[in-house]
Amino acid sequence: MSPSRDNLTIWSLLLALFYSPSTLRSVLRRVPSNLAKTASFSTSSITRMQIIPRRSADRGHADHDWLKSYHTFSFASYFDHAFTGFSSLRVINEDRVHPSTGFGTHSHREYEIFSYIIDGELQHKDSMGNVEILKRGDVQFTSTGTGIAHSEYNINRTHPVHFLQIWAKPSESGLQPSYYTETFSDEAKKAGLVRLIAPSGKTGKGEIPIVQDFYMYASILGPDAVRTHVLQGEEGKERKAYVHVTMRSGYVTPKEGNVDGGAMVRVNGDVVLKEGDGAFIVGKAGEKIELATLGAAGKDAEIVLFDLA
């Protein structure tokens, strides 16, 4: 089903509840009164967390022939001021790049930029001299700091590459650019919730450091699997999280909605997410997020989770 303008403004309203009063007022002016009266969000039955789904078809979308991309937040030609970021998280793009094409050399500064490879191969080159071909399970992380230039290209002649492109704002400016690549196996993700990225000084073996109160996790949930995550931070203080279910079963357009027969994940026994869907979560440090698969037997769900200050 195609997302209507009214549905989009409902989600804009709900997300604005977590932003400034000025943002809320500007969004309210866009929402018809009858829809504003019916807008609501889920309060988890496990905790008092607030959970707001971000449906796949409601994301920004671009089809450039060589690139098909979904945008969780405002990016390039897609802009919605209610979706400009969530805490330090600024970009989650789910990209598919055709064979023998890619992003030419371009510059970045003052962002932490990383790629999570779902399928295929992606060649990375940058002005620091790094040249690498990334494959499934790899996470390539660049702290752009004072500035770098890089390119990302699918050098495979027959197979597209499917990956998440993620940007976050560091807690400090003027950082010296740095580069990391780590590989996280399917076996580890099937066994539990794997931590990929953690604040500098708090990383474990094989984890990538980031200059921010920011954690990223990934997991592959088989049938009847359950994963539990405890929100980080000082107990009792507000904490945010975002969960995204990757479109691992295939690509569909926004008009087509979700992949037929794709994986589904239930968040805290309440909100159901299909492939391409995500959820904004607001709770407190120490509270639990429970993720459980349901739906098609034998269909694995690959999820990423961000735990944010």
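When you line the sequence shown up against mature numbering (1 follows the signal peptide of the UniProt record, and there is no 0), it's residues -24 to -1, 1 to 285, in that order. From the three backbone atoms N, C-alpha and C, an ideal C-beta is built for every residue, glycine too. Values in this document were obtained by computation on a predicted structure and should not be read as measured data.
Alpha carbon to alpha carbon, how far is residue j from residue i? Give it in angstroms, no decimals.
| i | j | result |
| --- | --- | --- |
| S147 | G121 | 11 Å |
| E183 | F160 | 9 Å |
| H37 | T60 | 15 Å |
| M25 | Q99 | 40 Å |
| I279 | S119 | 23 Å |
| F190 | F139 | 20 Å |
| F55 | F49 | 8 Å |
| S91 | S64 | 17 Å |
| N106 | Q152 | 15 Å |
| I186 | W42 | 31 Å |
| P8 | E251 | Since pLDDT at P8 reaches only 32, below the 50 mark, its modelled position is unreliable, and the value read off the structure follows with that caveat. Approximately 30 Å, taken between the alpha carbons. |
| H74 | G262 | 42 Å |
| F79 | E266 | 37 Å |
| H135 | E97 | 8 Å |
| F53 | F62 | A small correction: the amino acid at residue 53 is Ser; Phe does not occupy that position in the sequence shown. Between S53 and F62, the C-alpha separation is close to 19 Å. |
| F256 | P29 | 6 Å |
| R224 | Y155 | 27 Å |
| A58 | I27 | 16 Å |
| S(-5) | D102 | Unreliable placement is indicated for S(-5), whose pLDDT of 42 sits below 50; no coordinate value is reported for it. |
| I94 | V137 | 8 Å |
| T77 | K111 | 16 Å |
| T229 | A33 | 8 Å |
| H40 | Y218 | 27 Å |
| E158 | Y227 | 26 Å |
| G177 | V221 | 29 Å |
| K181 | K145 | 24 Å |
Which residues in the same chain have their Cβ closer than 8 Å to the Cβ of residue i, if we skip the five residues on either side of it in sequence?
| i | result |
| --- | --- |
| A167 | none |
| A194 | Y92, F160, K165, L169, V170, L172, E278, I279, V280, L281 |
| M104 | I124, P153, Y155 |
For the putative contact between residue i and residue j, defined by C-beta atoms under 8 Å, what is the C-beta separation to the nearest angstrom?
| i | j | result |
| --- | --- | --- |
| L207 | G259 | 6 Å |
| E88 | W143 | 7 Å |
| D253 | R31 | 5 Å |
| Q141 | V67 | 7 Å |
| K231 | L284 | At roughly 32 Å, the Cβ-Cβ gap does not stay under 8 Å, so K231 and L284 are not in contact. |
Spatial neighbours of residue i within its chain, please: CB distance less than 7 Å, with the 5 preceding and 5 following residues excluded, ordered by chain position.
| i | result |
| --- | --- |
| residue 286 | Lying outside -24 to 285, the shown extent of the chain, residue 286 is not represented and no answer is given. |
| T179 | P185 |
| R35 | Y46, H47, T48 |
| R5 | Low confidence applies here, because R5 scores a pLDDT of 35, under 50, leaving its location unreliable; read the following figure in that light. Nothing meets the Cβ criterion. |
| F51 | G36, V67, N69 |
| D200 | T269 |
Short of 6 Å in beta carbon distance, which residues of its chain neighbour residue i, apart from the five on each side in sequence? Order them along the chain.
| i | result |
| --- | --- |
| F242 | Looking at the sequence itself, residue 242 is Arg, so the reference to Phe does not match. So the qualifying residues of the chain are V248, A268, L270. |
| S45 | A38, N69, D71 |
| V202 | A268 |
| K264 | T204, V206 |
| S(-3) | For S(-3), the predicted model reports a pLDDT of 41, less than 50, meaning its position is unreliable; a value from the coordinates is still stated below. Cβ within range, chain order: n/a, list empty. |
| A174 | E183, Y191 |
| K13 | Because K13 sits at a pLDDT of 32, beneath the cut-off of 50, its placement in the model cannot be relied upon, and the point is left open. |
| K275 | A239 |
| G198 | D276 |
| S2 | Here the model assigns S2 a pLDDT of 40, short of 50, so the residue's position is not dependable, and the following value carries that caveat. Contacts found: none. |
Based on the DSSP output, what are the partners of residue i in its beta bridges?
| i | result |
| --- | --- |
| Q141 | N69, S91 |
| A255 | P29, V219 |
| G36 | H47 |
| residue 348 | Nothing can be reported for residue 348: it is not among the residues displayed for the chain, which extend from -24 to 285. |
| residue 287 | Since the displayed the chain opens at -24 and closes at 285, residue 287 lies outside it and no answer follows. |
| Q99 | I109, Y129 |
| Y155 | T118 |
| P185 | A174 |
| S83 | A125 |
| F160 | Paired residue(s): none; F160 is not in a bridge. |
| R203 | L267 |
| residue 288 | Only positions -24 to 285 of the chain appear in this structure, which leaves residue 288 out of reach. |
| T229 | Its beta-bridge partners do not exist; DSSP assigns none. |
| V235 | For V235, which the question treats as bridged, DSSP gives no partner whatsoever. |
| K260 | E214 |
Tell me whether residue i counts as near the ligand MN, meaning its Cβ is closer than 6 Å to at least one heavy atom of that ligand.
| i | result |
| --- | --- |
| R224 | The model depicted lacks the ligand MN and carries no ligand whatsoever. |
Query raised in the report: Counting Cβ pairs closer than 8 Å, one from the region 113 to 131 and one from the region 82 to 93, do we hit at least three?
Result: yes
Query raised in the report: Would you say the region 128 to 138 touches the region 206 to 221, given that touching needs at least three Cβ pairs under 8 Å?
Result: Per the Cβ contact rule, the region 128 to 138 is not in contact with the region 206 to 221 (fewer than 3 Cβ pairs under 8 Å).
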